[in-house]
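Going by UniProt numbering, the letters in the sequence shown line up with residues 1 to 306, in that order.
Just so it is clear, CB atoms sit at the ideal spot from N, CA and C, and this is done for glycine as well.
The next block holds one structure in the form of structure tokens; read it before the comments.
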Amino acid sequence: MRLGVVVNPTAGHGRGARRGGRFVEAARRRGHTVLDLSGPDAASAVQRARQAVVDGLDALVVVGGDGMVHLGAGVVAGTDLPLGVVPAGSGNDIARVNGLALHDPAAALTTVERALGRGAEGGRALDAVSVGPPGYAQREWYLGVLSCGIDAAVNARANTLTWPRGTARYVRALMTELRSFRPYGYRLTLDDGTTWESTGTLVAVANAPQFGGGMRIAPDARMDDGLLDVLVAGPLSRAELLAVFPRVFTGGHVTHPACTVLRSRSVLVEPSPLGPVPPVAYADGERLGPLPMLAEAVPGAVRLLA
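In structure tokens form, the structure reads like this:
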């Protein structure tokens with residue numbers, strides 16, 4: 001088999017480099033042709049991966065966390081090329097949701113081989129989400145969750161922290177963000193024309209049920225139903241937000257009166273003059289840009305080797 005591999009060496013505080021090296025060594029020992037497509041930055045890695053797709057691969061394999069899965073999905077979405085994942089990040093939410101072994105390159109290689117051995121039917125067909133400013137041809141793809149509320153502000157701040165590790169980093173970032181928090185203004189339009197306009201604390205457009213290292217932001221979301229679970233949380237005070245936040249780890253927050261889950265094939269998220277401009281949107285933990293954003297679920301756009 002001809003495998004293109006992209007490694008994030010810094011994933012999981014350096015685990016990415018070690019896991020990637022072990023995966024490549026094991027794959028070559030088993031007789032596979034392995035092309036190292038890693039680059040000095042994400043943009044160059046994407047460019048190299050896309051060229052390798054044109055040249056011919058049996059699979060693209062990414063080594064790292066959800067950011068690397070995001071990169072891989074952006075390359076293979078809408079193509080016949082399957083995506084393999086060697087989980088080596090801190091959160092690994094997409095891997096967890098799909099039952100992939102964590103931090104185990106040998107198990108990851110076995111998964112890739114078995115799925116590819118089943119031919120075109122091997123692996124799992126997942127929905128991917130095409131997202132970008134409305135009216136623009138340039139689009140990005142994500143597999144997990146788009147966030148553009150207090151969660152996005154927390155994500156952005158957590159990305160700047162080196163301590164503590166895991167979900168505790170998000171808790172620390174939340175405490176910092178709450179000092180100046182005011183509910184944002186949102187206007188959402190679903191594919192059937194339904195609108196929701198209000199001040200709010202959080203908007204998350206979920207293809208997967210969890211993000212942020214285990215936070216079950218949309219516990220009933222499925223990655224193969226062709227629908228987005230859009231969680232909207234109305235205005236919450238700082239005290240209410242602190243009370244609700246711990247319930248995100250179990251999904252219990254969705255029963256709070258301020259929280260509503262809408263389902264739609266697409267959603268347009270725009271700022272509203274009812275409140276401050278929402279934070280820059282993130283998806284799979286990666287920065288997308290400021291609102292407005294149009295997100296559209298594309299059924300079966302990515303074949304995950306799982």
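Where do the N-terminal and C-terminal ends of the beta strand (DSSP E) with residue i fall, by residue?
i: residue 364; result: As displayed, the chain neither begins before 1 nor continues past 306, which places residue 364 out of reach and without an answer.
i: Ala-125; result: 124–132
i: Leu-305; result: First-last for Leu-305: undefined, no H or E at that position.
i: Ser-147; result: 145–147
i: Ser-264; result: 259–264
i: Glu-240; result: Element bounds for Glu-240: not the beta strand (DSSP E) but the alpha helix (DSSP H), 238–244.
i: Leu-190; result: 184–190
i: Asp-151; result: Note, Asp-151: premise wrong, no beta strand (DSSP E); alpha helix (DSSP H) at 150–158.
i: Leu-71; result: No beta strand (DSSP E) holds Leu-71; the alpha helix (DSSP H) holding it covers 66–76.
i: Asp-36; result: 33–36
i: Ser-198; result: 195–200
i: Trp-141; result: 140–142
i: Glu-121; result: First-last for Glu-121: undefined, no H or E at that position.
i: Arg-2; result: 2–7
i: Pro-290; result: Per DSSP, Pro-290 belongs to no beta strand (DSSP E) and is neither H nor E.
i: Leu-83; result: 83–87
Do residue j and residue i count as a contact pair if the criterion is CB distance below 7 angstroms?
i: Leu-100; j: Val-85; result: yes
i: Pro-279; j: Pro-271; result: no
i: Gly-275; j: Pro-183; result: yes
i: Leu-305; j: Val-269; result: no
i: Gly-67; j: Gly-285; result: yes
i: Val-298; j: Leu-262; result: no
i: Ala-200; j: Gly-234; result: Note on residue identity: the sequence assigns Gly, not Ala, to residue 200. Yes, the Cβ-Cβ distance between Gly-200 and Gly-234 is below 7 angstroms.
i: Gly-16; j: Gly-64; result: yes
i: Pro-87; j: Ala-59; result: no
i: Val-48; j: Val-75; result: A small correction: the amino acid at residue 48 is Arg; Val does not occupy that position in the sequence shown. No.
i: Val-69; j: Met-293; result: no
i: Ala-208; j: Val-97; result: yes
i: Leu-174; j: Val-203; result: no
i: Leu-57; j: Ile-94; result: no
i: Gly-135; j: Tyr-170; result: no
i: Ala-239; j: Trp-141; result: no
i: Leu-109; j: Ala-26; result: yes
i: Glu-197; j: Arg-187; result: yes
i: Val-248; j: His-256; result: no
i: Leu-126; j: Met-223; result: yes
i: Thr-194; j: Val-232; result: no
Assign residue i to one of two classes, buried (16 or more other C-beta atoms within 10 Å of its C-beta) or exposed (fewer than that).
i: Gly-4; result: buried
i: Ala-210; result: At residue 210 the sequence reads Gln, which differs from the Ala that was named. Gln-210 comes out buried.
i: Asp-192; result: exposed
i: Trp-163; result: exposed
i: Thr-189; result: buried
i: Arg-303; result: buried
i: Asp-151; result: buried
i: Ser-147; result: buried
i: Ser-180; result: exposed
i: Val-145; result: buried
i: Ser-237; result: exposed
i: Leu-288; result: buried
i: Ala-120; result: exposed
i: Pro-105; result: buried
i: Leu-241; result: buried
i: Gly-149; result: buried
i: residue 334; result: One cannot answer for residue 334 here, as it falls past the ends of the chain, which runs 1 to 306.
i: Ala-158; result: buried
i: Ala-43; result: exposed
i: Ala-221; result: buried
i: Arg-29; result: exposed
Thinking residue i and residue j are a contact (beta carbons under 8 angstroms), I'd like their distance in whole angstroms, please.
i: Gly-226; j: Arg-265; result: 6 angstroms
i: Ala-115; j: Gly-122; result: 4 angstroms
i: Val-7; j: Ser-38; result: 5 angstroms
i: Val-254; j: Pro-219; result: 7 angstroms
i: Leu-71; j: Val-34; result: Going by Cβ atoms, the distance from Leu-71 to Val-34 rounds to 18 angstroms, so no, they are not a contact pair.
i: Ala-258; j: Leu-228; result: Going by Cβ atoms, the distance from Ala-258 to Leu-228 rounds to 20 angstroms, so no, they are not a contact pair.
i: Val-24; j: Asp-41; result: With a Cβ gap of about 20 angstroms, Val-24 and Asp-41 do not count as contacting.
i: Arg-2; j: Ser-90; result: So it is not a contact: roughly 30 angstroms between Cβ atoms.
i: Tyr-282; j: Ala-77; result: Between Ala-77 and Tyr-282 the Cβ distance is about 18 angstroms, and since that is not below 8 angstroms, they are no contact.
For the alpha helix (DSSP H) that residue i lies in, which residues bound it at each end?
i: Asp-229; result: Careful: Asp-229 lies outside any alpha helix (DSSP H), inside the beta strand (DSSP E) at 228–233.
i: Ser-44; result: 42–55
i: Val-248; result: Run containing Val-248: none; DSSP gives neither H nor E here.
i: Arg-96; result: 93–97
Quick check: is the beta carbon of residue i nearer than 7 angstroms to any beta carbon in chain D?
i: Ser-44; result: Absent here is chain D; the protein component of the structure consists of one chain.
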